[in-house]
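K.L.:
Let me begin by handing over the structure; questions about it come next.
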Amino acid sequence: MEVEGGVAKNFAANFRSSAMTQTHEPIHGAGVENEATTEELAQYIQKKKLYSKTAEIGQEAAALEKSGQSVTTDGVMAQIKAKYGSDERVNSAIQKESEAQVEPAGEEKQKEEKQKVVAEIPEMGDLIRAMNDLKSGRGPDVPLNLGKGTLNSQEMRQFNILIQTLNNINKSVRDLGAGGGALGNNIKELSRRPEKNSTPLEIKVVAEAIEKSIS
Amino acid sequence: MANYITECLKKFKALPRPVQEAVGGFAALEIIQDLEKKYQIKLGFFVILVAIGELMMEDIEGYLQKKYGLSAEAAADINDTLQENVFGPAIEMVAANPELIAPNLTIAEQKKNIFNLFKEKLVETISADSNIINGVNILIFNIIASELADENLMFENDLAKIILENQARLTSKPFRLLGKPAEPTIANWLKDFIAKCGSDYFNSLILSEYLINSENAKNLSAEEKKLLAKTLTLYRNLKFFSATAAEVPMEGWEFISVDEERSKTPVINENNYNLENMTPIEIKALGEANNFTAEDLKKMSR
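Protein sequence lines correspond, in order, to chains A and B. Counting in our numbering, the first sequence runs from -19 upward without gaps. Counting in our numbering, the second sequence runs from 621 upward without gaps.
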């Protein structure tokens, strides 16, 4: 079993597109003879953007075909996932995200930290309101006095509020110092992430992670 | 303990900026938030995981089912929607800008990528957004610049030939070539244009006359006319690169036209139109709005 490693390699594989115009022929080239099977797999690869696995999918399908078994997309993909470590990557990602949200402190300790952080960082309430606005698509109650050159769409304003709130949280949590405990450190690290050129997605992910950590 | 979320965000930050924008910009976020509302789950971090390659494309549906307990159908719906609207456009951007993930490609490899793009995805490339078009234009310029010293290497001519032979369908309306029904392919549109306007260098006025008056072009929708105009202009810019480049300051050089740049070209003074700075579509609109004939437009040209 091969588990691919390295962000650069995996990013490049996920976004590799040199093969995007050629999926049908490489499947034939891997040994699949049935035309309908080849076309079905080619379309599946195009739809699910599995270009980096075109050769492997062709090889698995060819092996099934040669062995006389029926070749289905589900069957081929099950082989691919098993052979190339899909379950391992999925489990690892879920576990790491879960561990990132739960600090290795006792339950009582965590509860205390949450209460302290929420009580001593008033901007946490702002964050929850801003996130609720974002979820519901509502704009802020008070129009912002945005600077020249700032896009004036409601969404931009919502994200400007979020960035401002995260900056304020970062300042307050730094003022708390060691008093914030492990949770405070975590929030400090997260709230430092949004930068001037951050995409809305990054800001949303940071805000959601902080919101979850105090809920 | 290093926070997994911040580690992943750092990796996302290290991706090429255009990819960050394609996956995490407002347009992508709108799609992500619609899916979040539909399935009552949070997908932002998951999109980051795919973007940085922590999850591979084939992992997506399994991850969604395992993490959120979604049905196979729901996971497939989310995957397909994201592939079509978020990851797909990012992949196309990388296709058009291969140096984003492989910055050390040789000139020969870059040429091969551009040849493939022109052979297989020309219509999509011409219709792509300005980021992609700018990336392709820069790549072509870089390759031409690298070959300037060698008179035997004529990359722009090779690309023009590929366009001239391209069998991709460009428009949808019935099309006739030399009086006979034919497929409205890129190659046939060029043959029709050359048959009517000649094979020499042509300016935007000749192009606009063709778009307004030719039997094949005059019935096209505005969108298809725009696509045709961009295709013919691309062919001209490649085939007559020296002539085109001599007419335009270097900062204005382009092979594939970028729409948003063109829309900035203003009409100057009342009744004194600078047609050379207008796109064929703009000239046509001007003509239609004022009932100008092609002859009128010619006279107004400065």
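Glycine residues also receive a C-beta, built at the ideal position from the N, C-alpha and C atoms.
Is I752(B) near A716(B), with beta carbons less than 8 Å apart?
P.N.:
yes
K.L.:
Measure from the C-beta of Y659(B) to each C-beta in chain A and report whether the shortest distance is under 8 Å.
P.N.:
no
K.L.:
Looking only at DSSP bridge pairs, what is T805(B) linked to?
P.N.:
Beta-bridge pairing links T805(B) to R789(B).
K.L.:
Excluding the 5 residues preceding and the 5 following F875(B) in the sequence, name in chain order all residues of the same chain whose CB lies nearer than 7 Å to its CB.
P.N.:
Within the same chain, F875(B) has close Cβ partners N757, I760, L854, N857, L858.
K.L.:
Apply the 10 Å Cβ neighbour rule to N733(B) and answer buried if 16 or more other Cβ atoms are within range, or exposed otherwise.
P.N.:
Under the 10 Å beta carbon count, N733(B) is surrounded by 16 or more other beta carbons and is classified as buried.
K.L.:
Strictly below 7 Å CB to CB, what residues from chain B border E188(A)?
P.N.:
K662, G664
K.L.:
My parser needs the beta strand (DSSP E) runs of 3 or more residues fully inside the stretch 797 to 841 of chain B; what are they?
P.N.:
800 to 802
K.L.:
Going by the beta-carbon positions, is the gap between E100(A) and L21(A) smaller than 8 Å?
P.N.:
Annotated as distal: E100(A) and L21(A), with beta-carbon spacing of 8 Å or more.
K.L.:
For the stretch 159 to 183 of chain A, which residues have a CB atom closer than 7 Å to at least one CB atom of chain B, in sequence order?
P.N.:
N166, E169, L170, R173, T179, P180, L181, E182
K.L.:
For a contact meaning CB atoms closer than 8 Å, what does G755(B) contact in chain A?
P.N.:
Within 8 Å Cβ-Cβ: nothing; G755(B) doesn't reach chain A, min ~13 Å.
K.L.:
Would you say D67(A) reaches chain B, if we count a Cβ-Cβ gap shorter than 8 Å as a contact?
P.N.:
With 8 Å as the cut-off, D67(A) counts as an interface residue toward chain B.
K.L.:
Inspect the beta-carbon positions of L163(A) and V70(A) and report whether they are closer than 8 Å.
P.N.:
no
K.L.:
In three-state DSSP terms, what is F646(B)?
P.N.:
Three-state result, F646(B): helix.
K.L.:
Using 10 angstroms around the beta-carbon of G127(A), count the other beta-carbons present and answer buried if the total reaches 16, otherwise exposed.
P.N.:
With a pLDDT of 35 at G127(A), under the threshold of 50, the predicted position of this residue should be treated as unreliable, though the coordinate-derived value follows. Exposed, since its Cβ has fewer than 16 Cβ neighbours within 10 Å.
K.L.:
Within the chosen definition, does the stretch 646 to 653 of chain B reach the stretch 180 to 193 of chain A through at least 3 CB pairs nearer than 8 Å?
P.N.:
Segments in contact, yes.
K.L.:
Would you list the residues sitting across from F795(B) in a DSSP beta bridge?
P.N.:
Looking at the DSSP assignment, F795(B) forms a beta bridge with A802(B).
K.L.:
By the three-class DSSP mapping on this structure, what secondary structure does F775(B) have?
P.N.:
helix
K.L.:
Just verifying my parser: in three-state terms, what is the DSSP assignment at F602(B)?
P.N.:
Outside the displayed range of chain B (621 to 922) lies residue 602(B), so it cannot be described from this structure.
K.L.:
Return the chain-ordered list of same chain residues with a C-beta closer than 7 Å to the C-beta of I826(B), the five sequence neighbours on each side being excluded.
P.N.:
C817
K.L.:
Counting Cβ pairs, one atom from each stretch, are 3 or more of them under 8 Å apart for the stretch 682 to 692 of chain B and the stretch 623 to 642 of chain B?
P.N.:
No contact exists between the stretch 682 to 692 of chain B and the stretch 623 to 642 of chain B.
K.L.:
Determine the extent of the alpha helix (DSSP H) in which N717(B) is found, giving its start and end residues.
P.N.:
It is not in any alpha helix (DSSP H) - N717(B) carries neither H nor E in the DSSP assignment.
K.L.:
Near Y24(A), what residues of its chain come up, given a Cβ to Cβ distance below 6 Å and the 5 sequence neighbours on each side ignored?
P.N.:
T53
K.L.:
List, in chain order, every chain D residue whose beta-carbon is nearer than 9 Å to that of D700(B).
P.N.:
The chain inventory of the structure shown lacks chain D, comprising the protein chains A and B.
K.L.:
Is the beta carbon of G48(A) sitting closer than 8 Å to the one on I7(A)?
P.N.:
no
K.L.:
Can you list, in chain order, the residues of its chain with a C-beta nearer than 6 Å to that of N579(B)? Leave out the 5 residues immediately preceding and following it.
P.N.:
Limits of chain B in this structure are 621 at one end and 922 at the other, which puts residue 579(B) out of reach.
K.L.:
Is M57(A) close to chain B? Criterion is C-beta to C-beta, closer than 8 Å.
P.N.:
yes
K.L.:
Using the rule of at least 16 other Cβ atoms within 10 Å of the residue's Cβ for burial, across every protein chain shown, is T745(B) buried or exposed?
P.N.:
buried
K.L.:
Going along chain B in order, which residues have a C-beta closer than 9 Å to the C-beta of I74(A)?
P.N.:
The contacting residues are Y683, K686, K687.
K.L.:
Short check: CB of K662(B) to CB of I74(A), under 8 Å?
P.N.:
no
K.L.:
Quick check on DSSP: helix, strand or coil for T18(A)?
P.N.:
In the three-state reduction of the DSSP assignment, T18(A) falls in the helix class, which pools H, G and I.
K.L.:
Mind checking if P123(A) is an interface residue toward chain B, Cβ cutoff 8 Å exclusive?
P.N.:
In this prediction, P123(A) has a pLDDT of 36, which is less than 50 and means its spatial position is unreliable; what the coordinates show is noted afterwards. Under the Cβ distance rule, P123(A) does not count among the residues neighbouring chain B, no pair being separated by less than 8 Å.
K.L.:
DSSP three-state label for F586(B), please.
P.N.:
Only positions 621 to 922 of chain B appear in the structure, and residue 586(B) is not among them; the question remains open.
K.L.:
Check each candidate in G664(B), F861(B), E678(B) and name the one with the smallest Cα separation from D778(B).
P.N.:
For D778(B), the nearest C-alpha among the options comes from F861(B).
K.L.:
I want to verify the contact list: residues of chain B whose CB lies under 7 Å from the CB of A80(A), in sequence order.
P.N.:
N623, Y624, I625
K.L.:
Assuming G55(A) is part of the alpha helix (DSSP H), what are its boundary residues?
P.N.:
53 to 63
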